[in-house]
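K.L.:
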Amino acid sequence: MIWLTIVLMGLVVFFNRYCFLAPGLPLRLSPRVKTLLSFSVPAVLTAICGPIVAFSGDQLRAAPDNPYLWGAVFAVILAFFLRNMLAVVLLSMLIFIALRGVF
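Convert by adding 679 to the 1-based position in the sequence shown; the result is the number in our numbering.
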């Protein structure tokens, strides 16, 4: 049953992406839909990273000695100034690792 679910979900994802990427299909998105879809990546990343930064299990990590919080803050600041994703990822990982050693 689990393998059937995995295969079916893989097919759903494949056909969902195929509809948008196949050049032969006459599917065109309006500019408004394209604008709305541009917000989906930051929303999904925030939904994934937010609980990791803010919680440890079921405990809220709001203390100033939270390396996850400071790593996320530095990542946002670096992304704002550098505008280079690879540099931001590498530098923020180094900052996070250094902060974990401190805290």
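Even glycine gets a Cβ: it sits at the ideal position worked out from N, Cα and C.
1. Please report the straight-line C-alpha distance between F782 and D744, rounded to a whole angstrom.
2. If you drop the 5 nearest sequence neighbours on each side, which residues of the same chain put their C-beta closer than 7 Å to that of F753?
3. Just to confirm, are L706 and F699 a CB contact at a threshold of 8 Å?
4. For V686 and V692, what's the separation of their Cα atoms in angstroms?
5. Among L724, A726, Y747, W682, which has the Cα closest to the Cα of S735?
6. Assuming L739 and A733 are in contact, meaning their beta carbons sit under 8 Å apart, how far apart are those beta carbons, in whole angstroms?
P.N.:
With the structure as the only source:
1. Counted from its first residue, the sequence shown places residue 782 at position 103. Counted from its first residue, the sequence shown places residue 744 at position 65. Looking at the two C-alpha atoms, the distance is approximately 6 Å.
2. Position 74 of the sequence shown holds residue 753. Correct list, in chain order: S771, I774.
3. Position 27 of the sequence shown, counted from the start, is the residue given in the question as residue 706. Position 20 of the sequence shown, counted from the start, is the residue given in the question as residue 699. Yes, the Cβ-Cβ distance between L706 and F699 is below 8 Å.
4. Sequence index remark: in the sequence shown, residue 686 carries index 7 (1-based). Sequence index remark: in the sequence shown, residue 692 carries index 13 (1-based). Near 10 Å, if we compare the C-alpha coordinates of V692 and V686.
5. Taking the sequence shown and counting its residues from 1, the one referred to as residue 735 is at position 56. Per the Cα distances, Y747.
6. Position 60 of the sequence shown, counted from the first residue, corresponds to residue 739. Position 54 of the sequence shown, counted from the first residue, corresponds to residue 733. About 6 Å; that satisfies the 8 Å criterion.
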